Amino acid sequence: MAPLVSGVPHAAALIGPGSEVLAFDTARSADHDWGPRVLVFVAAGRVAEVEERVVAGLPERFRGFPTVFGYHGQVRPGVTVTELGRWLVERLGFDPRSGVGLLDWLSSPWQSLAEVTGGEVFHDGLAEPGLEAVRQALRWYPADVWRYVLACQWRRIAQEEPFPGRCGEVGDELGSAVVGARLAREVMRLALLLRRRYPPYAKWLGSALARLPGSAELGESLGAALAARSWREREDGLAAAYGRLAALQNRVALAERLDERVRGFHDRPFRVIGGDRFAEALMAAVSDPAVRGLPVAGCVDQVVDAVDVLTRPDRARAVTAAALGLTT
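Using full-length UniProt numbering, the first residue of the sequence shown is number 1, and each one after it goes up by one.
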């Protein structure tokens, strides 16, 4: 590739969508939409010129793989030439080189943030701020935004944590299992957020959790909850997971230290961690008045599950702005 862009300031990287970007790919990944790929970023005025060079000079195969292949319904070269700002707006809905505001952070799906900050940069010869500066700016949330997103994730747990027991108490083990699985997902996402990892979308959530240091015990607790045949066993697994998360929250030290033990839910026979305790402590530690004034509803991944929203930055920004009362 390098000779084809000789003399042109550029960046080259494997970032964006694709399981190989986040190193989740396996041999199965190569069965469709797969081949040697790279993004080449150049100045807007040189995109057509460089693209012409690439198309004319690209070898037919690279390490045994065709360089032109079917990708999302189009047969095209695996080298994409584009301008950095345009690509960022298409992926995120904004260009971080102009600054990252509150709506920018909260409307950017975790998967998209992971795709921009993960992967590999092979060369960054763009004028500053270049590609690496963009990735560094998006590497993780500012402290108060992090507290806010964590608070909203604890709130999601708080809203449903007594329900596996309540469903089971009336003989609805199926309903209990469904709510238990929902809570397990929220626990997994919270564990990743506490470790400064953007949670990936559903297919790779368990794989991402397994990579976290010290996640084996948490995984065992959640596995026991999901395999349980009774609501009491399910509650045992979830309660153990909650306790581990509470301990991690205290170690991260973003808010007041709280009791890590589960407790009864009012006078009912259900054990909960009291997720709202942690949400309130985190919000109390927020110093930014703009963040402190937000409803504890969350970022776009916490507000909506629809793939057709999360994969469209314009829709993600509109939904987030409407839910949080922010200006687009």
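C-beta atoms are modelled at their ideal positions from N, C-alpha and C, and glycine is treated no differently.
Remember, it's a predicted structure, so these values are computed and weren't measured experimentally.
State the DSSP-derived secondary structure class of D124, mapped to helix, strand or coil. Mapped onto the sequence shown, residue 124 falls at position 124. If DSSP states are grouped into helix, strand and coil, D124 belongs with the strands.
Can the beta-carbon of L258 be found less than 8 angstroms from the beta-carbon of P295? In the sequence shown, residue 258 corresponds to position 258, counting from 1. In the sequence shown, residue 295 corresponds to position 295, counting from 1. The answer is no: Cβ separation not under 8 angstroms.
I'd like the span of the beta strand (DSSP E) that includes residue 359, first residue to last. This structure does not reach residue 359, given that the chain is present from 1 up to 328, and the question cannot be answered.
State buried or exposed for L174, treating a residue as buried only when at least 16 other CB atoms are found within 10 Å of its CB. In the sequence shown, residue 174 corresponds to position 174, counting from 1. Counting Cβ neighbours within 10 Å, L174 comes out exposed, since fewer than 16 surround it.
Among all the DSSP beta bridges, which residues are the ones paired with Y71? Here residue 71 refers to the residue found at position 71 when the sequence shown is read from its first residue. Per DSSP, Q74.
Please confirm whether R76 has its beta-carbon closer than 8 angstroms to some beta-carbon of chain C. Annotation note: the requested chain C is absent from the structure, which comprises a single protein chain.
Just the C-alpha distance for V54 and D25, rounded to the nearest angstrom, thanks. Indexing the sequence shown from 1 puts residue 54 at position 54. Indexing the sequence shown from 1 puts residue 25 at position 25. Taking the straight line from one Cα to the other gives about 26 angstroms.
The segment 100-110 contacting the segment 284-300, beta-carbon criterion three pairs below 8 angstroms: yes
Every unbroken alpha helix (DSSP H) inside the segment 221-275 [4 residues or more]: 231-252
The segment 245-258 in contact with the segment 224-235 per 3-pair CB rule at 8 angstroms: no
As assigned by DSSP and simplified to three states, the class of T117: Locating residue 117 in the sequence shown gives position 117, where the first residue counts as 1. If DSSP states are grouped into helix, strand and coil, T117 belongs with the helices.
Who does A208 pair with in a DSSP beta bridge? Working through the sequence shown from its first residue, we reach residue 208 at position 208. A208 is not bridged to any residue.
Helix or strand or just coil, what does DSSP make of F163? Numbered from 1 along the sequence shown, position 163 holds the residue referred to as residue 163. Looking at F163 - three-state DSSP - the assignment turns out to be helix.
The beta strand (DSSP E) with A297 in it runs from where to where? On the sequence shown, position 297 is the one that residue 297 refers to. Unbroken run through A297: none, as it is neither H nor E.
Whole beta strand (DSSP E) runs in the segment 12-92 with 3 or more residues, listed along the chain? 38-41, 68-71, 74-77, 79-82
Straight-line Cα distance separating R166 from R196: Along the sequence shown, read from residue 1 onward, the residue named residue 196 stands at position 196. Along the sequence shown, read from residue 1 onward, the residue named residue 166 stands at position 166. For R196 and R166, the distance between alpha carbons rounds to 33 angstroms.
Can you tell me where the alpha helix (DSSP H) holding L138 begins and where it ends? Here the question's residue 138 lines up with position 138 in the sequence shown. Unbroken run through L138: none, as it is neither H nor E.
Quick check on the DSSP output: the alpha helix (DSSP H) that includes V187 runs from which residue to which? By one-based count along the sequence shown, residue 187 stands at place 187. In the DSSP assignment, V187 falls within the unbroken alpha helix (DSSP H) covering 173-194.
Would you say the segment 141-159 touches the segment 277-284, given that touching needs at least three Cβ pairs under 8 angstroms? yes
Determine the closest residue to S176 out of A318, A225, L106, with distance taken between C-alpha atoms. Start at 1 with the first residue of the sequence shown, and residue 176 comes out as number 176. If we check each option's Cα against that of S176, A225 comes out closest.
Would you mind giving the Cβ-Cβ distance between G237 and R261, rounded to the nearest angstrom? I have them listed as a contact below 8 angstroms. Here residue 237 refers to the residue found at position 237 of the sequence shown. Here residue 261 refers to the residue found at position 261 of the sequence shown. Going by Cβ atoms, the distance from G237 to R261 rounds to 16 angstroms, so no, they are not a contact pair.
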